[in-house]
Amino acid sequence: MSSRFPLVPENAESLPTLNESEGMLSWVASIDHKQIGIMYLICTAVFFFIGGIEALLMRVQLAQPENHFLSPEVYNQMFTMHGTTMIFLVAMPFLIGAGVYLVPLMIGARDMAFPRLNALSFWLFLFGGILVYYSFLTQSGASDVGWFAYSPLSEKPFSLNKGPTYWALGLLAAGIGSIASGLNNIITIFTLRTPGMTLRRVPLFVWMILVTSFLIIIAMPIIGSAFAMMLIDRLLGAAFFTPAHGGSAILWQHFFWGFGHPEVYILVLPAFGIISEVIPVFSRKPIYGYAFVAGSTVAIGLLSFGVWAHHMFAVGLGNVANAFFALVSMLIAVPTGIKIFNWVATMWGGKIHFATPMLFATAFIIEFVIGGLTGVAIASAPLDWTVTDSYFIVAHFHYTIFGGTVFAIFAGIYYWFPKITGRMMSETLGKWHFWLTIVGFNMTFFIQHFLGVMGMPRRTYTYHDLPYWGSMNLLSTIGAFILAISVIVFILNVIVSLRKGNVAGDNPWNAWTLEWATSSPPPVHNFDLVPPVRGRRPLWDLAHPDMPDEPNAKIV
Amino acid sequence: MENLGGLFNPSSPQLETMAGLTYYMIGVAVIILAIIVIAVTIIIIRFRKKPGDDVEPYQEFGSLKLEVVWTIIPLGIVAVLFLLTCNTMRAVSPPAGDKEADLVVIGHQWWWELRYPKYGIITANEVHLPVGKNLLVRLESIDVIHDFWVPELARKMDLVPGHPNYMWLIASEPGVYLGACAEFCGDQHANMRIRIIAQEEDEFNEWVKQQQVIPSTPTSGQAAEGAQLFQDMACMNCHTIFGTPAAARVGPNLTHLSDRQTIGAGVLTNTPENLTKWLTNPQKYKPGAYMPNMKLSNSEVKSIVAYLEALK
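Each protein sequence line maps, in turn, to chains A and B. If you count by our numbering, then the first sequence holds residues 15 to 570, one letter each, in order. If you count by our numbering, then the second sequence holds residues 73 to 384, one letter each, in order.
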């Protein structure tokens with residue numbers, strides 16, 4: 015197929031890359047963005063598995079009231095490590111890894127701007143994660159103060175175990191890696207785009223990664239310095255966050271959520287990017303309102319720095335502060351809504367092929383809207399006062415992070431798996447995976463909205479046998495096990511497809527962005543020839559010279 | 073229908089206001105969700121690719137008019153919701169001004185110290201209040217951050233060390249309302265429970281009078297032995313009993329323990345049998361709590377139970 019492309023010379027310098035035949039060394043020593051991207055994906059899959067087991071252990075403990083399956087110490091370690099793992103060691107590095115793999119291909123580049131820095135980012139993430147988990151081997155086990163580690167609970171004398179120290183050190187290391195990859199992405203996107211690919215023409219996934227990267231380099235230093243202060247408190251006896259010695263308990267919350275809320279968008283914007291790639295291709299239409307989808311991302315990015323105290327409505331900041339943060343938080347619904355409407359409009363009038371990626375993308379819209387709407391509700395401070403720190407919140411953010419980010423991640427895996435491996439994933443197993451996920455996910459989390467409204471607090475290892483609490487929790491636990499089965503089906507699908515999947519070819523989905531113009535998997539140097547870019551969909555323009563997206567575009 | 077609790081059973085004017093806002097929010101959310109679900113359903117039915125149809129559909133790039141519509145309408149909805157939010161906030165949580173608190177709640181890992189400054193009462197875990205009276209509650213913490221949450225009666229408010237907070241507490245009907253700590257505070261966060269006992273005015277006054285009595289220390293029998301043990305063993309290092317030298321504030325004030333409904337901040341019902349079990353090994357019922365297993369002999373436990381039951 016590539017012979018049809020008009021000849022455009024290779025535009026990047028070649029870089030030294032180890033030969034693939036050198037086995038493990040070619041991976042460990044790799045500075046190739048594709049190999050590093052794949053290593054991110056594999057490591058996050060392992061952490062996802064561990065985090066999932068922690069979730070299942072919690073759900074078993076909660077399956078009935080007054081259960082004695084886990085001790086409170088172990089239960090507290092489980093929910094701390096589940097949250098930490100899923101946020102810092104799964105969702106975020108997965109999306110960074112997907113960006114590292116895809117961004118250079120999508121913009122027609124040879125590699126990231128700083129390939130060695132890219133490798134450093136990955137290894138910092140991996141060893142940071144291992145350091146966090148290493149704490150399980152200490153006498154008192156892993157951190158048990160929650161992924162939010164509120165002071166003074168996370169400080170001496172309330173927390174004398176070593177868990178939180180390992181936790182802060184590991185995440186500090188991983189965070190430095192994230193900052194480096196944020197910078198790397200920004201510079202790559204700004205400097206290595208192939209001729210013709212202006213910022214108004216880059217794929218929306220690249221736009222989302224760009225905005226996310228800005229969020230990372232602004233938000234991660236906030237939490238990084240907070241980790242450093244926490245470590246100084248814990249190891250050197252300072253008192254940044256201990257009120258008994260003149261520190262402030264609330265200061266930590268400002269730092270943590272000053273990072274924590276932009277982090278939510280760090281997790282969801284690349285997911286929006288994946289959805290913005292998948293929906294047009296399977297609807298056979300260009301994205302509706304490209305400029306509005308991209309622009310609303312920038313709006314979300316900016317607003318995301320003015321909403322952190324909506325996690326602190328119950329702290330007692332006063333009605334004026336609460337009103338400000340309520341307003342900004344609600345305003346985020348507007349650019350998010352713009353995206354939802356544009357995706358629906360993209361599908362409207364299309365000829366939709368409901369392959370597994372599109373199934374996940376369609377379900378994403380519904381599940382994410384549920385999470386978004388409960389998000390608007392709890393942005394209203396007085397409503398938040400009744401449901402915050404209850405199971406309602408657990409339901410809400412699982413609808414955004416699982417129903418949103420993870421559904422998008424699954425859509426992305428089914429979509430790009432053929433590109434990465436050269437083989438198609440099984441559609442049959444894919445559909446099983448999809449429907450089990452839908453049933454398991456909604457069964458686990460929808461009922462938790464009601465548990466929260468009825469008064470069940472979060473982060474409790476046990477609960478009294480109040481009317482319906484036992485049966486509702488049991489239902490949620492059963493849902494969690496269905497979800498676990500769906501993950502097993504997914505893993506099976508990956509293994510089977512890697513060995514026996516149909517050969518994909520360059521462009522199995524008949525997609526339009528540049529990563530589909532090269533072979534599957536792409537060669538070490540990515541492109542023999544980069545097709546000309548005269549619009550947002552270079553491969554559409556090639557296939558339809560009679561009706562290009564931008565008829566008057568000049569050849570650059 | 074059984075009482076589902078929480079927002080399903082608002083039992084104070086504040087919670088009724090908050091429930092009203094919730095119904096409004098749910099209404100808006102359901103309408104928006106319905107629009108999206110209906111649109112997606114139509115898409116799934118109408119715009120599915122038919123087998124053999126390989127012609128690309130009409131390529132449509134967007135519409136400024138529609139973008140403006142779906143920006144302006146949500147902005148309008150947000151404006152309305154924001155106004156409702158501000159109104160509700162003012163109604164539910166008006167500033168306390170410089171009024172004196174009727175009740176001081178002090179969070180401990182993992183129990184609640186309760187003080188009624190106007191009556192000189194100190195108790196734990198069970199708040200008595202007169203029905204229909206809006207009490208100003210001052211919230212403090214002695215150790216980590218806790219959160220005072222009675223789902224049927226009031227907003228949540230954190231108990232932050234070094235930063236006292238205020239909230240209003242009122243119950244419309246007499247009854248027992250259950251609550252719990254809502255901010256993760258360590259091993260026994262799950263067993264840091266609150267009971268609000270709302271009583272008619274005269275019943276409440278009766279309770280106040282009873283609490284103000286300083287019980288006399290038993291001088292004979294098993295209870296007297298228990299009184300002696302309480303002073304000799306480590307009990308008095310942590311607990312207060314009025315009228316005795318025991319005056320520590322580490323654990324709950326036990327002066328009127330026998331009047332309370334539960335032991336250990338809601339772990340066990342307060343009966344002599346359960347008190348015996350609790351004193352024999354509190355760690356069995358509340359693992360991680362700061363009350364250690366004192367390794368008391370059975371007769372020692374019995375004596376102390378007799379003493380605590382005799383305090384009236």
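Virtual Cβ for every residue (Gly too), placed ideally from N, Cα, C.
Local Cβ density within 10 Å of residue i, reported as buried at 16 or more and exposed below that
i, result
"residue 43(A)", "exposed"
"residue 58(B)", "Lying before the first or after the last residue shown, residue 58(B) is absent from chain B, which here runs from 73 to 384."
"residue 185(A)", "buried"
"residue 509(A)", "exposed"
"residue 240(A)", "buried"
"residue 162(B)", "exposed"
"residue 86(B)", "buried"
"residue 384(B)", "exposed"
"residue 172(B)", "exposed"
"residue 364(A)", "buried"
"residue 559(A)", "exposed"
"residue 356(A)", "buried"
"residue 276(A)", "buried"
"residue 433(A)", "buried"
"residue 214(A)", "exposed"
Integer Cβ distance of residue i from residue j, believed to fall under 8 Å
i, j, result
"residue 296(A)", "residue 372(A)", "4 Å"
"residue 134(B)", "residue 330(A)", "About 46 Å separates the two Cβ atoms, so there is no contact after all."
"residue 419(A)", "residue 218(A)", "Wrong, their Cβ atoms sit about 16 Å apart, outside the cutoff."
"residue 184(B)", "residue 263(B)", "Not confirmed; about 12 Å, so no contact."
"residue 451(A)", "residue 490(A)", "With 8 Å as the limit, residue 451(A) and residue 490(A) do not qualify as a contact, their Cβ atoms being about 16 Å apart."
"residue 313(B)", "residue 326(B)", "5 Å"
"residue 401(A)", "residue 415(A)", "Their Cβ separation, rounded to whole angstroms, is 17 Å, which puts residue 401(A) and residue 415(A) out of contact at 8 Å."
"residue 344(A)", "residue 153(B)", "6 Å"
Under 7 Å by beta carbon: chain A residues contacting residue i
i, result
"residue 182(B)", "Simply none; closest approach about 10 Å."
"residue 104(B)", "387"
"residue 142(B)", "351, 352 and 355"
"residue 85(B)", "Residues of chain A passing the Cβ test: none, with the nearest at roughly 13 Å."
"residue 146(B)", "347, 348 and 351"
"residue 175(B)", "What residue 175(B) touches in chain A: nothing, since even the nearest Cβ is about 16 Å away."
Cross-chain neighbours of residue i in chain B, by beta carbon under 9 Å
i, result
"residue 333(A)", "158, 161, 162, 165, 166 and 167"
"residue 87(A)", "259, 359 and 360"
"residue 59(A)", "Chain B residues near residue 59(A): none, gap ~29 Å exceeds 9 Å."
Proximal chain A residues relative to residue i, where beta-carbon distance stays under 8 Å
i, result
"residue 117(B)", "None at all; the shortest Cβ gap to chain A is about 11 Å."
"residue 312(B)", "By Cβ distance, chain A contributes nothing, its closest Cβ being about 22 Å from residue 312(B), past 8 Å."
"residue 120(B)", "365, 366 and 368"
"residue 401(B)", "Residue 401(B) is absent from the structure shown; chain B starts at 73 and stops at 384."
"residue 80(B)", "467 and 468"
Neighbour list for residue i in chain B, Cβ cutoff strictly below 7 Å
i, result
"residue 473(A)", "256 and 261"
"residue 299(A)", "129, 131 and 132"
"residue 402(A)", "228"
"residue 394(A)", "93, 97, 153 and 157"
"residue 90(A)", "259"
"residue 336(A)", "161"
"residue 383(A)", "105 and 108"
Quick one: any contact between the segment 272-279 of chain B and the segment 346-353 of chain B, if contact means 3 or more CB pairs under 8 Å?
no
Closer than 7 Å, Cβ to any Cβ of chain A: which residues of the segment 266-291 of chain B, in chain order?
none
Evaluate contact between the segment 147-155 of chain A and the segment 128-137 of chain A, counting only Cβ atoms and requiring at least three cross-stretch pairs below 8 Å.
no
Please determine if the segment 136-149 of chain A and the segment 91-110 of chain A are in contact, where contact requires at least 3 C-beta pairs separated by less than 8 Å.
yes
Segment contact flag, the segment 361-379 of chain A with the segment 155-170 of chain B, C-beta cutoff 8 Å, min 3 pairs:
no
Given a limit of 9 Å on CB to CB distance, which residues of the segment 223-257 of chain B reach chain A?
223, 224, 226, 227, 228, 229, 230, 232, 233, 234, 235, 236, 237, 238, 239, 250, 251, 252, 253, 254, 255, 256 and 257
Using 8 Å as the Cβ pair cut-off and three pairs as the minimum, do the segment 268-288 of chain A and the segment 215-234 of chain A touch?
yes
Count the C-beta pairs between the segment 84-98 of chain A and the segment 160-168 of chain A that are closer than 8 Å, then say yes if the count reaches three, no if not.
yes
With 7 Å as the C-beta to C-beta threshold (strictly closer), list the residues of the segment 159-180 of chain A near chain B in chain order.
160, 164, 166, 167 and 172
Taking only beta carbons into account, state which residues of the segment 533-563 of chain A come closer than 7 Å to chain B, listed in chain order.
none
For the segment 475-482 of chain A and the segment 542-562 of chain A, state whether three or more C-beta atom pairs, one from each stretch, are separated by less than 8 Å.
no
Taking one C-beta from the segment 76-92 of chain B and one from the segment 220-240 of chain B each time, how about it: are there three or more such pairs within less than 8 Å?
yes
Would the segment 197-208 of chain B and the segment 238-247 of chain B be scored as touching if the rule is three or more Cβ pairs under 8 Å?
yes
Pair every Cβ in the segment 321-341 of chain A with every Cβ in the segment 248-258 of chain A, then say whether three or more of these pairs are closer than 8 Å.
no
Near-chain A residues of the segment 336-354 of chain B - C-beta to any C-beta below 9 Å:
338
Do three or more CB pairs link the segment 287-294 of chain A to the segment 125-141 of chain B at distances below 8 Å?
no
Going along the chain, which residues of the segment 316-332 of chain B sit with their C-beta nearer than 7 Å to a C-beta in chain A?
none
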